[in-house]
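My numbering numbers the first residue of the sequence shown as 110 and each following residue consecutively.
First comes the structure, then the notes that go with it.
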Amino acid sequence: MNTKLISGTALVLASMLAACQTGADGAPLGFCRPRAAEALTGMDRLTDQKAMQKTGARVVRQIAPGQGVTLDYRRERVTIETDPATGKIVRAACG
110 MNTKLISGTA
120 LVLASMLAAC
130 QTGADGAPLG
140 FCRPRAAEAL
150 TGMDRLTDQK
160 AMQKTGARVV
170 RQIAPGQGVT
180 LDYRRERVTI
190 ETDPATGKIV
200 RAACG
C-alpha cells in the first residue's frame, strides 16, 4: 500500500515539475517567445510550422498589413504580418 502511495505521489510531483519547464530564454514551453517573434521581422514569409519552431508558439496567425484581428491576447500565439507584395514579414509579435 505504501509503495502505491509513494509511486502515485512521485508521479504527480514529476508531472507538476514538467509543467514548469522553460525554454532557453526562460519562456514556458508552448508559449510564444517575444524576442524570437520580433526576430522574424525582415524574413521571407514562413510556413506556420517554421514559425512555431522559431518562436515556440503553438498557434500562428498570418495576417496582411491593415487586416482586422481580434484583440484577445493569447500567450501561445504568434501573429505574423506579411507584406503580400514582397512576401517579407513586416511585423511579428506574440499574442
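By construction, the Cβ of each residue, glycine as well, lies at the ideal position given by its N, Cα and C atoms.
Predicted model only: the values in this text are computed from it and were never measured.
Per DSSP, the beta-bridge partners of residue 170 are 188.
One alpha carbon belongs to residue 161, the other to residue 189, and they sit about 11 Å apart. Secondary structure note for residue 144: its alpha helix (DSSP H) is the uninterrupted segment 143-147. By the neighbour-count criterion, in which a residue is buried when 16 or more other Cβ atoms sit within 10 angstroms of its Cβ, residue 172 is exposed. Here the C-alpha atom of residue 142 lies approximately 15 Å from the C-alpha atom of residue 170. Nearest to residue 174 by C-alpha distance, out of 153, 158, 191, is 191.
DSSP links residue 197 through a beta bridge to 153. When 168, 149, 146, 177 are compared, the shortest CA-CA separation from residue 139 is found for 168.
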